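In mature numbering (1 follows the signal peptide of the UniProt record, and there is no 0), the protein residues as written are -29 to -1, 1 to 466.
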């Protein structure tokens, strides 16, 4: 009974300390459905923070008699065994669990959520949340680019997420314009051309490596692949026939030589591939370009029947210099049909004013089902206030109807999607729980100067005692370069 009470007291102290103090880099955060979850694993069951707060006494009866070595604490994106923490001699859990040697990942087979429901966890459900890196390459003596399979949120491309071996450091990180938030440009310390560098992203080593680029070395630019990347003979267009290239499937480590005069094998049809210039004795490999190799169309369309109508146009902007316009047709392009940017006439109207002259477009892509085409247009969003931008699109000279236009409201009036704050009592302490969901472009959120914990899916959360007795609090949002995006004052409920 004495041991049980001592452990309950320890639990009270741990939870209070973990929720209130420090925010270090994530390490072994338990992730479920794309979100890192605070809580405690006892045996093979993970008890979420929401469940523990709502069922404090019941959880105490579970936690109290449990052997310390069977318990894993997971708070603020860091996790460690309870037994290691007790013997570690460090009172602050964040400080203790920020040391790699002290970390143990939660690996349950089930979880109790805030409603008390049991959720089955598939194997690997406790792995660190990470996007898939498809390639890493040097673009100069002090620069490198990292390409990802999926688009990144602002908190996922901060420079602290990236590190290299062999003494190469990362000075800054930014999204590459026009990459759809899938490529990050890194400014590094000076690279050594005799060394090979391996990337570690979000605490996990990546299999992709690159050789350093010497000072003064000219790195060849990425090849330009216009319009539909594959022609009738399954050849990539827009490549120099005098050069040798390489390709690989996204996610593969195997680069395969490709001669522009030869066609791609049928095995890559319908897949995403990366293409780059082949490395020579004096030239590093070129920047990979991701392209989608279309497979056979599922539509029954006769070759030569190129007459089609636009059914929908969608335009959007995610805070970059480029607006993306997607055009959907009533029937798909057939497999051998060529599609060019010049086939589309794109005009723009601001606040229902007169339409502009034909706009320049770039980066044409055809969807997997070949019924949609998308391309980029230089944005005017940042030059406007609350005015709306309307795009009008026609294809091969066909007149535009209502379905052939789309409206985009470029001005970001607020970066906050939603927020909540509530007073709670836990382990004898009065606390406040603050949750903030943000839009793209936000890397950090602070409440009265205290950094919030990123939970995934653009949501930040913080438990704190510092707002007890306060009538208001200040939420501040920051970009990846540290610049302030927005500040908002919120009312604080009484404890």
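Glycine included, every Cβ here is placed at the ideal spot set by N, Cα and C. All values reported here derive from a predicted model rather than from experimental measurement.
Cβ-based burial, residue i [other Cβ within 10 Å; buried from 16]
| i | result |
| --- | --- |
| residue 287 | exposed |
| residue 445 | exposed |
| residue 303 | buried |
| residue 51 | buried |
| residue 452 | exposed |
| residue 186 | exposed |
| residue 79 | buried |
| residue 34 | buried |
| residue 175 | exposed |
| residue 30 | buried |
| residue 474 | Here the chain comprises residues numbered -29 to 466, so residue 474 is not present and cannot be evaluated. |
| residue 342 | buried |
| residue 60 | exposed |
| residue 126 | buried |
| residue 230 | exposed |
| residue 128 | buried |
| residue 273 | Low per-residue confidence applies at residue 273: pLDDT is 42, beneath 50, and the placement is therefore not dependable, though the value from the model is reported in the following sentence. Under this definition residue 273 is an exposed residue. |
| residue 350 | buried |
| residue 58 | exposed |
| residue 150 | buried |
| residue 7 | buried |
| residue 363 | buried |
Same chain, Cβ closer than 6 Å to residue i, neighbours up to 5 away in sequence not counted
| i | result |
| --- | --- |
| residue 333 | 347 |
| residue 320 | 326, 361 |
| residue 182 | 167 |
| residue 367 | 314 |
| residue 448 | 386, 413, 416, 456, 457 |
| residue 56 | 67 |
| residue 316 | 329, 365 |
Inter-residue spacing [alpha-carbon to alpha-carbon] between residue i and residue j
| i | j | result |
| --- | --- | --- |
| residue 67 | residue 22 | 24 Å |
| residue 27 | residue 217 | 59 Å |
| residue 459 | residue 404 | 17 Å |
| residue 15 | residue 131 | 32 Å |
| residue 17 | residue 32 | 15 Å |
| residue 10 | residue 433 | 14 Å |
| residue 338 | residue 280 | 16 Å |
| residue 90 | residue 401 | 29 Å |
| residue 422 | residue 64 | 17 Å |
| residue 121 | residue 172 | 14 Å |
| residue 309 | residue 300 | 15 Å |
| residue 116 | residue 465 | 49 Å |
| residue 435 | residue 461 | 15 Å |
| residue 160 | residue 107 | 16 Å |
| residue 471 | residue 169 | Residue 471 lies beyond the residue range present for the chain, which begins at -29 and ends at 466; the question has no answer from this structure. |
| residue 406 | residue 427 | 12 Å |
| residue 38 | residue 54 | 8 Å |
| residue 419 | residue 324 | 44 Å |
| residue 142 | residue 114 | 10 Å |
| residue 86 | residue 24 | 11 Å |
| residue 340 | residue 311 | 17 Å |
| residue 391 | residue 424 | 15 Å |
| residue 144 | residue 70 | 24 Å |
| residue 265 | residue 285 | Caution applies to residue 265, whose pLDDT of 47 falls short of 50 and renders its modelled position unreliable; the value that the coordinates give is listed next. If I take the Cα positions, the gap works out to 22 Å. |
| residue 148 | residue 135 | 23 Å |
Residue i - partner residues in DSSP beta bridges
| i | result |
| --- | --- |
| residue 82 | 17, 90 |
| residue 52 | 43 |
| residue 433 | 405 |
| residue 66 | In DSSP, residue 66 forms no bridge with anything. |
| residue 179 | Note: residue 179 sits in no beta bridge, so no partner. |
| residue 422 | 417 |
| residue 109 | 115 |
| residue 218 | 227, 246 |
| residue 12 | 17, 43 |
| residue 386 | Partner(s): none; residue 386 has no beta bridge. |
Close beta carbons around residue i, own chain, < 8 Å, minus the five adjacent residues each side
| i | result |
| --- | --- |
| residue 336 | 263, 344, 345, 346 |
| residue 123 | 102, 146, 152, 153, 155 |
| residue 388 | 408, 409, 410, 429 |
| residue 119 | 102, 103, 104, 105, 153, 154, 155 |
| residue 92 | 3, 17, 79, 80, 81, 82 |
| residue 450 | 125, 412, 413, 414, 456 |
| residue 180 | 107, 167, 168, 169, 170 |
Close-in-space but distant-in-sequence residues of the same chain around residue i (CB under 7 Å, 5 per side omitted)
| i | result |
| --- | --- |
| residue 219 | 225, 226, 227, 244, 245 |
| residue 20 | 9, 10 |
| residue 441 | 463 |
| residue 77 | 1, 12, 17, 43, 45, 50, 97 |
Residue-level contact to chain D via CB, residue i, 7 Å cutoff
| i | result |
| --- | --- |
| residue 342 | Here there is only one protein chain, and chain D is not present. |
Checklist entry - Which full runs of the beta strand (DSSP E) of 3+ residues lie inside the region 124 to 177, going along the chain? => result The beta strand (DSSP E) runs of length 3 or more contained entirely in the region 124 to 177 are, from start to end of the chain, 133 to 135, 141 to 146, 154 to 159, 167 to 172.
Item to check | Ordered list of beta strand (DSSP E) runs contained in the region 319 to 345, each at least 3 residues | outcome: 332 to 337
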